[in-house]
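For the sequence shown, the working numbering begins at 97 and goes up steadily by one. Using N, Cα and C, we set each Cβ at its ideal position, and we do this for glycine too. Take a look at the structure set out below.
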Amino acid sequence: MKTKNSLLAVLTLVIGLGTLTSCKKTQVTEKDGIEYTYVKEGSDKAPNGDFILYNLVITNAEDSVIYSTLDQPFPGYLMANDSLPAQNGMDEIFLNLKQGDSITFQSTANIIFSGNFPAFLQGEDQLTVKLGAFAVKTEAEMQSYYEEVMMAEQAKSAERAKTLMVEQAATIEAYAAEKGLNAQKTENGLYYVIEQEGTGDAVTPGTTMYVNYAGYLLDGTLFDTSWEEIAKANNVFNEGRPYEPLPVNVGMGQVIPGWDEGLMLLKKGSKGKFLIPSPLAYGEAGAGAMIPGNSILVFDVEVVDVQK
């Protein structure tokens, strides 16, 4: 699949930033023998201690994107340091970047990734690299820029979460109907079922609750449990971990928001089920290999003890 984030997108970022020459120049690195071409050459080298910002696109022989900074909130960057020795050809190219440089070259996956190439590649696969250095910033400017980018990304993420909450609410309600669950919904979007009422006073923030649990993806895949018998039944038993109730100081942000809110609805001896949309769980990032990004989670929980 060809990407729209091609060299044109990289060049858009560098045009107008610094003085550019129009001639193309080809050089070869001393290490690894990488032949690289300046599509445009800048003239402003970053002073030592300043940061040079760049965008990078790596594609394979079919022009499919292997890696791209253009799809990430923050571009690539490095601190200028004339005394830093180049360990390989890639280092030579990056350590000599100037503001306004636009460079392209081809090499093997083994050379480009310094031997740590992704598992879906072979070491001798030919890849194309397109690199554009578009700004130089001091440490203070870099910090401000980072904060601005992260604030903008948080705003975008919040908007995506709002959309997901609506979409996943429909999915959760269909799941609950299919399973015959009489699930209630909180104002924040958590769905829960109290299967057994507990006893004692209502739980307040900071209370320690000891909770047994089993967590599933919506397709029924178990990703974690504190119950030994459930772990064994699902062939995920691990002799190296204890199977015991998890202590949680509720309402303190120690656990995912869906748990923090859900546990506050329970008492000692309660049994329940949480149906948690991804923004109240592990969000866009997911968690480890077992929980993909934007996953709706289902938890069976039992409050074994409560200590204030």
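Annotated as proximal: MET186 and SER210, with beta-carbon spacing under 8 angstroms. In the DSSP assignment, PHE147 is bridged to MET175, LYS233. Here DSSP, grouped into helix, strand and coil, assigns THR282 to coil. Boundaries for LEU166: no beta strand (DSSP E) harbours it, and the DSSP string shows neither H nor E there. Note on the segment 322-395: whole alpha helix (DSSP H) runs with a minimum of 4 residues are 324-329, 353-359, in chain order. Using a C-beta cut-off of 8 angstroms, the segment 303-315 makes contact with the segment 336-346, since at least three inter-stretch Cβ pairs fall below that distance.
Close CB contacts of SER391 within its chain, under the 8 angstroms cut and outside five residues either way in sequence, are with LEU313, LEU314, SER374, ALA377, TYR378, GLY382 (chain order). SER198 counts as buried, since no fewer than 16 other beta carbons sit within 10 angstroms of its beta carbon. For GLY349, same chain residues with a beta-carbon under 8 angstroms away, outside a window of 5 residues either side, are ASP356 in chain order. Taking the C-beta atoms as reference points, TYR288 is found nearer than 8 angstroms to LYS369. Going by DSSP, LEU191 is part of the alpha helix (DSSP H) stretching over 185-191. C-alpha of PRO169 to C-alpha of SER366: approximately 43 angstroms in a straight line. In its chain, beyond the 5 residues on either side, no residue has a beta carbon closer than 7 angstroms to the beta carbon of GLY316. For ASN278, the CB contacts under 7 angstroms within the same chain, skipping 5 residues up- and downstream, are VAL289 in chain order. Excluding sequence positions up to five before and after ASP146, its CB lies within less than 6 angstroms of the CB of ALA176, VAL232, THR234, all in the same chain and listed in chain order. Cα atoms of ILE352 and GLY358: separation of roughly 10 angstroms, rounded to the nearest angstrom.
One thing to note: LEU152 has its Cβ within 8 angstroms of the Cβ of VAL225. Bounds of the alpha helix (DSSP H) holding ALA205 are 205-208. If you draw a 10 Å sphere on the C-beta of SER160, you find fewer than 16 other C-beta atoms in it, and that means exposed. Distance from the CA of GLY347 to the CA of GLN218, rounded to the nearest whole angstrom, comes to 48 angstroms. Residues GLY382 of the same chain have their beta carbon placed closer than 6 angstroms to that of PRO388, with the five preceding and five following residues left out of the count. Residues LEU174 of the same chain have their beta carbon placed closer than 7 angstroms to that of PHE190, with the five preceding and five following residues left out of the count. With respect to the 8 angstroms criterion, MET360 and VAL402 are not classified as neighbours on the basis of their beta carbons. If you look at ASN308, you'll find it in the beta strand (DSSP E) that goes 304-313.
Taking GLU158 as reference, the option from GLN222, GLY172, ILE207 with the minimal CA-CA separation is GLN222. Rounded to whole angstroms, the separation of the alpha carbons of ASN192 and ALA142 is 9 angstroms.
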